[in-house]
Amino acid sequence: MHTTQMKIMKSNWLKMALACLVTMAAMLFTQGALAQPAPKQKIAVIISTLNNPWFVVLGETAKARAVELGYDATIFDSQNDTAKEAANFENVIASGYKAILFNPTDANGSIANVLKAKAAGIPVFCIDREINSTNAATAQMLSDSYSGCVKLGQYFVKTVGKEGEYAELLGIVGDNNTWNRSKGFHSVVDRYPGLKMVAQQSAEFDRAKGLEVMESILQAHPDIKAIFCGNDAMALGAYQALVTAGKADQVKLFGFDGADDAVKLIAEGKMAATGMQFPKTMARQSAEFADAYIKGKRDFPQKVPVLVELVTKDNVDKYGDYGKK
Amino acid sequence: MRAARWLIAVAIAVGLCWRFPLFHAIPLKTAVAEKAAAAFDPAEFAGTFWTNQLLPSLTKAVNSETLLPAIQADAAAAKTNYSRSVGMGGSYFYFLSGTGRVVAVSDDEVSLAINDSSTNKEVALQTGLVFGNALRDGTGLLNVNDYPNSQDFNAISEALNHIVETRVLPQLHNQAKVGAKIYFTGCAEVDDESSDLKPLKVIPIQTEPR
Chain A
5 MHTTQMKIMK SNWLKMALAC LVTMAAMLFT QGALAQPAPK QKIAVIISTL
55 NNPWFVVLGE TAKARAVELG YDATIFDSQN DTAKEAANFE NVIASGYKAI
105 LFNPTDANGS IANVLKAKAA GIPVFCIDRE INSTNAATAQ MLSDSYSGCV
155 KLGQYFVKTV GKEGEYAELL GIVGDNNTWN RSKGFHSVVD RYPGLKMVAQ
205 QSAEFDRAKG LEVMESILQA HPDIKAIFCG NDAMALGAYQ ALVTAGKADQ
255 VKLFGFDGAD DAVKLIAEGK MAATGMQFPK TMARQSAEFA DAYIKGKRDF
305 PQKVPVLVEL VTKDNVDKYG DYGKK
Chain B
67 MRAARWLIAV AIAVGLCWRF PLFHAIPLKT AVAEKAAAAF DPAEFAGTFW
117 TNQLLPSLTK AVNSETLLPA IQADAAAAKT NYSRSVGMGG SYFYFLSGTG
167 RVVAVSDDEV SLAINDSSTN KEVALQTGLV FGNALRDGTG LLNVNDYPNS
217 QDFNAISEAL NHIVETRVLP QLHNQAKVGA KIYFTGCAEV DDESSDLKPL
267 KVIPIQTEPR
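Chains as they are written, first to last, in our numbering: chain A, 5 to 329; chain B, 67 to 276.
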């Protein structure tokens, strides 16, 4: 073969080899890029406070269900402060979240935050606590606190009797649940004139404040027969105050939420009753609604009341772990 | 010259404030009256609702001669076919009417047998203090989504219950003699099927002697 021809063939062979290498490298690069999973869409879980185990369960369950459905989920704690809640919303709106599962701090004060998210095209699903608007959130999963406390009120009259002094611990005054619970309870108990409420104070749904407020109430009113608390955290604080005062066996204690510690006290005969909300049911449903929204669904019921069940010594064995066994 | 400029600036500022006031002063009495007018009045609402919507809808109640045998035959199927529920949870409501024979009268109940040949307490008309949401939620005429603040929606229940206690129950007490026949329409809430179906606990909306 002629030397020039051989050089040309060698050069062609080198070019072909180089082209093959480039093609293979490109294929490998492309395959690598294709194999890289797309970043997951994000869902935010904004909770009024994580300083209460009940809300921790609410937030963690919502997050877990969102993760099960294929999302990255993050919990934000508003620490019962509307300013912190507003900052959480700003952060979430700026960070590309696709939906917000929201437990508000204030029925009126939280509306502006929800509207901001709505304006940014982010759907908000309220859990447990209501906002006083029907055109801000996409949907609201709400415990039927009023009906639950009607049942509690009826059981209160049945166990305490139609006469005697009692005290009430209210939750956060800006929250509708506080008043729906109080009004449901009073819609029954106030019909019995012999039952006299001698003290009604807010302990802001907080266990430590429940203890503190109940200590002062017990000093001023040592003869009370019963205490109605707007949530179990306050009831557990009140129970500590009763134990310290040596009155735990004499005063009947009623709470609301269905917290595990309260259910245990009912089983031990140390607490009369609570209203079992279903935080896990509400939290899961909110995550499923968000998933459906992201996938294109738009017609949601604005408010979904969730039944509250009365837990007493007669049926306590059926309840635990923030729901029905 | 400088003073004239200041005067012009002040005049412009005053003019702007007059045209676009920064705040309005309203007499306290007027403000209170406006707030009261804007507030939801559950008693007034319930009275209008009772007359204009509830009473005209009574013909839509399911007949107890249909419902009670259906519950006895298959409670789950009866629930599917004749009940309504609100939101998530196990409780549900029946909106029913029928004629029954009084078989017992107590402080809190008038018990009726629907079947002529029976003496069983099949329906218990509730005649004591009325609590809960059976009337508000049992007919499907009112929707929670129409009320931004659920406290207003809950207040409707109390107002409707008050109407039952003051308008319906006094008549029923007069009609309730053992052996008498009574036509009734009302709502029943079923929370616990083991205790709430036999007898069906009905909050009466209307009763008539037959």
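Note that the Cβ used here is the ideal one computed from N, Cα and C, for glycine as well.
Given a cut-off of 8 Å, decide if residue j and residue i are closer than it, judged by their beta-carbon atoms.
i, j, result
"Y347 (chain A)", "T142 (chain A)", "No answer is possible for residue 347 (chain A): the residues shown for chain A start at 5 and end at 329."
"F161 (chain B)", "S151 (chain B)", "no"
"C233 (chain A)", "G262 (chain A)", "no"
"G113 (chain A)", "G175 (chain A)", "no"
"V268 (chain B)", "A190 (chain B)", "yes"
"A294 (chain A)", "A111 (chain A)", "no"
"A291 (chain A)", "L73 (chain A)", "yes"
"F93 (chain A)", "A121 (chain A)", "yes"
"V256 (chain B)", "S157 (chain B)", "yes"
"L266 (chain B)", "A254 (chain B)", "yes"
"I236 (chain A)", "A266 (chain A)", "Correcting the residue type first, residue 236 (chain A) is Asp in the shown sequence and not Ile. Yes."
"L250 (chain B)", "G194 (chain B)", "Going by the sequence as given, residue 250 (chain B) is Phe instead of Leu. Not a contact, by the Cβ cut-off of 8 Å."
"M238 (chain A)", "L173 (chain A)", "yes"
"S191 (chain A)", "G157 (chain A)", "yes"
"Q237 (chain B)", "L124 (chain B)", "no"
"D218 (chain B)", "F106 (chain B)", "yes"
"A56 (chain B)", "A246 (chain B)", "Because chain B spans 67 through 276 in this model, residue 56 (chain B) falls outside it and cannot be assessed."
"V320 (chain A)", "A271 (chain A)", "yes"
Answer with buried or exposed for residue i, where buried requires no fewer than 16 other C-beta atoms within 10 angstroms of its C-beta.
i, result
"D212 (chain B)", "exposed"
"A103 (chain B)", "For A103 (chain B), the predicted structure reports a pLDDT of 49, less than 50, and the residue's modelled location is therefore unreliable. A value from the coordinates is still provided. Exposed, since its Cβ has fewer than 16 Cβ neighbours within 10 Å."
"N209 (chain B)", "exposed"
"T53 (chain A)", "buried"
"G63 (chain A)", "buried"
"I78 (chain B)", "exposed"
"A221 (chain B)", "buried"
"T117 (chain B)", "exposed"
"L269 (chain A)", "buried"
"R71 (chain B)", "exposed"
"A143 (chain B)", "exposed"
"N180 (chain A)", "buried"
"K307 (chain A)", "buried"
"S183 (chain B)", "exposed"
"P122 (chain B)", "exposed"
"I231 (chain A)", "buried"
"V76 (chain B)", "exposed"
Using beta carbons (cut-off 8 Å, strictly below), is residue i in contact with chain A?
i, result
"G155 (chain B)", "yes"
"T152 (chain B)", "Correcting the residue type first, residue 152 (chain B) is Val in the shown sequence and not Thr. By this cut-off, V152 (chain B) is an interface position."
"A113 (chain B)", "Sequence inspection shows Gly at residue 113 (chain B); the Ala mentioned does not correspond to that position. For G113 (chain B), the answer is no, since every Cβ of chain A falls outside 8 Å of its Cβ."
"K95 (chain B)", "A caution first: K95 (chain B) carries a pLDDT of 49, below 50, which makes its placement in the model too unreliable to give a value."
"A102 (chain B)", "For A102 (chain B), the predicted model reports a pLDDT of 48, less than 50, meaning its position is unreliable and no value from the coordinates is stated."
"V98 (chain B)", "Unreliable placement is indicated for V98 (chain B), whose pLDDT of 47 sits below 50; no coordinate value is reported for it."
"E224 (chain B)", "yes"
"P214 (chain B)", "yes"
"F106 (chain B)", "no"
"V230 (chain B)", "no"
"G198 (chain B)", "yes"
So, is the C-beta of residue i closer than 8 Å to a C-beta in chain B?
i, result
"L311 (chain A)", "yes"
"N117 (chain A)", "no"
"N184 (chain A)", "yes"
"K322 (chain A)", "no"
"S3 (chain A)", "Here chain A comprises residues numbered 5 to 329, so residue 3 (chain A) is not present and cannot be evaluated."
"P305 (chain A)", "yes"
"N136 (chain A)", "yes"
"D148 (chain A)", "yes"
"N92 (chain A)", "no"
"T142 (chain A)", "no"
"G327 (chain A)", "no"
"T53 (chain A)", "no"
"T285 (chain A)", "yes"
"Q158 (chain A)", "yes"
Have a look at the DSSP bridge pairing and note the partners of residue i.
i, result
"V189 (chain B)", "B:L178, B:L266"
"R150 (chain B)", "B:F159"
"K46 (chain A)", "A:D76"
"R167 (chain B)", "B:A179, B:K247"
"L339 (chain A)", "No answer is possible for residue 339 (chain A): it lies beyond the span of chain A, which begins at 5 and ends at 329."
"D132 (chain A)", "A:L146"
"A203 (chain A)", "A:A171"
The region 311 to 327 of chain A touching the region 149 to 168 of chain A, judged by at least three CB pairs closer than 8 Å: yes
contact_flag[the region 163 to 183 of chain A, the region 221 to 232 of chain A] where n(CB pairs < 8 Å) is 3 or more: yes
Below 8 Å, how does it come out for the region 202 to 210 of chain A and the region 155 to 166 of chain A: are there three or more Cβ pairs, yes or no? no
Would you check if there are 3 or more beta carbon pairs closer than 8 Å linking the region 198 to 205 of chain A to the region 132 to 142 of chain A? no
Report yes or no: do three or more beta-carbon pairs, one from the region 115 to 134 of chain A and one from the region 271 to 291 of chain A, lie closer than 8 Å? yes
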